[in-house]
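Below is one structure, written out as structure tokens; comments come after it.
Residue numbers (the working numbering), protein chains in the order written: chain Z, 1227 to 1368; chain S, 123 to 511.
Next comes the structure, spelled out in structure tokens:
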């Protein structure tokens, strides 16, 4: 039997983490929690998750985008580049609207957005789809 | 180069979109060659980058790439009329400043041009100084237009981000509640302890929303000036004493001692009693919440004939310097204390109250040692008795 998929959930709201963890563990996933972007990046390197669930507005305004940017563009996180990222947020705006001046908005786009509150069936389906469509990990060869 | 060709100047470059060139570009659209060259000479000498065009259509074609600050347009030209050029220029750049040259110094044509959006007009013949003066005024006008446009855009952006932020603050607890209930509903046989635990969390998050709405309402009422316009005699020794008694139990639970060092003889200030209660309530609650077990909250007063300074001192975590600026802003919360419940509006309310009362609030703080909030308020003065002017 294959090992259960590891999901890293980065969200500063403990209650949101609790309910989502319960939901995912009920489906056999292993869940790792992080309560801020910095902790999330550290745990991503440490645990090598198969999927990242990421909140947008955490401690520092739009910290979630800091995480996608680090993973997609910083060399130290190159190993995580194939890991799908699902962003969850209660703000309705996409990065283009929130940061109209930023030419990088294209570069920090996650694989998928889900708006909060997350409907349990929508989340489970998104997680399954993202895991199924996983890209092979980049190994860092030129 | 034949006369009538655009006269390119060395080093003329179109500015980047949205940015004004260091040296403003001016286009001159004028069918008369002598006049065109005169404009070029006069304005180039003033250090401006000038591009000249013989016809309206040639000028309009170049404007999109040149992004000039200003256009000097002859009203009477073959082909596209001056009036039409003005209209088309404004379609391309609503902020372009247009000065019209009019051969017939009739007020009517000039007035019509201004009505069509021209900034000013120069009647032919004109002296170099006349043209320079009008162009300089036009450039100043342009600078002000762009500045106010930029300020307006920044305000819009801030407003939008603030609205996003407020709605996020309100949604966060709702999201948590929704997700608990949604997951709970799907469980076939939820463990009673889990159900209980989650419902308790839902209740706590409901209270969080209520607290945010209550504080938000207080803040809005203060902004409308509706809560704070009363200035009566308020004895802060009594008001603060009451507040400290109210929070004795909460403080004891946190292992914090409350110390009342307000003057026994009373401490009268001019203000609104309810607002001042809200203010010191917020400061005392913060001092307890962001303290440490075994810590202390001490409230004291100093008086001068004109003002009273109340200090609320704690022995808590302190406020790092980098947050000092934002501390009294709406929904500001220091990163490390997000786990302590709070609406992020308490100090915004405090600042609002003191400013409504004609006072001020400041903070001194050292990380891991504590913070002291100082509130300056107007001392109460008995109205002069029985002396009619």
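Cβ atoms here follow ideal geometry from the backbone N, Cα and C, with glycine treated the same way.
7 Å Cβ cutoff, residue i in contact with chain Z
i, result
"residue 277(S)", "no"
"residue 302(S)", "yes"
"residue 305(S)", "yes"
"residue 293(S)", "yes"
"residue 288(S)", "no"
"residue 209(S)", "no"
"residue 318(S)", "no"
"residue 355(S)", "no"
"residue 446(S)", "no"
"residue 470(S)", "no"
"residue 297(S)", "yes"
"residue 155(S)", "no"
"residue 264(S)", "no"
"residue 496(S)", "no"
"residue 308(S)", "yes"
CA-to-CA distance, residue j to residue i, given in whole angstroms
i, j, result
"residue 336(S)", "residue 274(S)", "31 Å"
"residue 472(S)", "residue 465(S)", "13 Å"
"residue 1360(Z)", "residue 186(S)", "46 Å"
"residue 213(S)", "residue 250(S)", "30 Å"
"residue 1266(Z)", "residue 492(S)", "31 Å"
"residue 435(S)", "residue 1355(Z)", "55 Å"
"residue 1239(Z)", "residue 439(S)", "22 Å"
"residue 256(S)", "residue 221(S)", "8 Å"
"residue 1257(Z)", "residue 1279(Z)", "10 Å"
"residue 160(S)", "residue 229(S)", "24 Å"
"residue 1269(Z)", "residue 1342(Z)", "23 Å"
"residue 451(S)", "residue 1313(Z)", "28 Å"
"residue 367(S)", "residue 375(S)", "14 Å"
"residue 156(S)", "residue 162(S)", "10 Å"
"residue 245(S)", "residue 198(S)", "12 Å"
"residue 410(S)", "residue 379(S)", "9 Å"
"residue 1241(Z)", "residue 302(S)", "8 Å"
"residue 1316(Z)", "residue 313(S)", "29 Å"
"residue 1294(Z)", "residue 1353(Z)", "17 Å"
"residue 307(S)", "residue 1244(Z)", "15 Å"
"residue 304(S)", "residue 499(S)", "50 Å"
"residue 437(S)", "residue 1253(Z)", "47 Å"
"residue 1297(Z)", "residue 414(S)", "38 Å"
"residue 338(S)", "residue 382(S)", "29 Å"
"residue 385(S)", "residue 356(S)", "14 Å"
"residue 276(S)", "residue 288(S)", "18 Å"
"residue 417(S)", "residue 482(S)", "27 Å"
Span of the alpha helix (DSSP H) around residue i
i, result
"residue 443(S)", "Note, residue 443(S): premise wrong, no alpha helix (DSSP H); not H, not E."
"residue 1281(Z)", "No alpha helix (DSSP H) contains residue 1281(Z), which is instead part of the beta strand (DSSP E) from 1277 to 1281."
"residue 406(S)", "395 to 411"
"residue 433(S)", "First-last for residue 433(S): 429 to 436, but that is the beta strand (DSSP E), not the alpha helix (DSSP H)."
"residue 1244(Z)", "1240 to 1252"
"residue 1347(Z)", "1346 to 1358"
"residue 504(S)", "Taken as a continuous stretch (DSSP letters only), residue 504(S) belongs to no alpha helix (DSSP H), as it is neither H nor E."
"residue 1272(Z)", "1263 to 1273"
"residue 475(S)", "468 to 478"
Chain S contact for residue i (CB, 7 Å cutoff)
i, result
"residue 1241(Z)", "yes"
"residue 1283(Z)", "yes"
"residue 1273(Z)", "no"
"residue 1316(Z)", "yes"
"residue 1312(Z)", "no"
Span of the beta strand (DSSP E) around residue i
i, result
"residue 1339(Z)", "1338 to 1341"
"residue 500(S)", "492 to 500"
"residue 488(S)", "482 to 488"
"residue 1234(Z)", "1232 to 1236"
"residue 1257(Z)", "1256 to 1260"
Residue i beta carbon near the ligand SAH (any heavy atom closer than 6 Å)
i, result
"residue 145(S)", "Within the structure as shown, the ligand SAH is missing, as the structure has no ligands at all."
Complete alpha helix (DSSP H) runs within the region 167 to 240 of chain S (minimum length 4 residues, chain order) = 178 to 188, 204 to 214, 229 to 237
task = Jot down the residue ranges of each uninterrupted beta strand (DSSP E) in the region 297 to 385 of chain S, minimum 3 residues, whole runs only, in chain order.
result = 354 to 357, 379 to 383
key: the region 1339 to 1351 of chain Z: positions lying closer than 8 Å to chain S by Cβ   = 1342, 1343, 1344, 1345, 1346
inquiry  = Under 8 Å, CB to CB, which of the residues in the region 321 to 346 of chain S have a partner in chain B?
reply    = The chain inventory of the structure shown lacks chain B, comprising the protein chains Z and S.
inquiry  = Tell me which residues of the region 1235 to 1268 of chain Z have at least one Cβ-Cβ distance to chain S shorter than 9 Å, keeping chain order.
reply    = 1238, 1239, 1240, 1241, 1242, 1244, 1245, 1246, 1248, 1249, 1252, 1261, 1262
request  = Quick one: which residues of the region 387 to 410 of chain S get their C-beta closer than 7 Å to a C-beta of chain Z? List them in chain order.
outcome  = none
query = Whole beta strand (DSSP E) runs in the region 234 to 289 of chain S with 3 or more residues, listed along the chain?
reply = 242 to 245
ask   = In chain order, what residues of the region 232 to 259 of chain S put their CB closer than 7 Å to some CB of chain Z?
value = For the region 232 to 259 of chain S, which is checked against every Cβ of chain Z, not one residue is closer than 7 Å.
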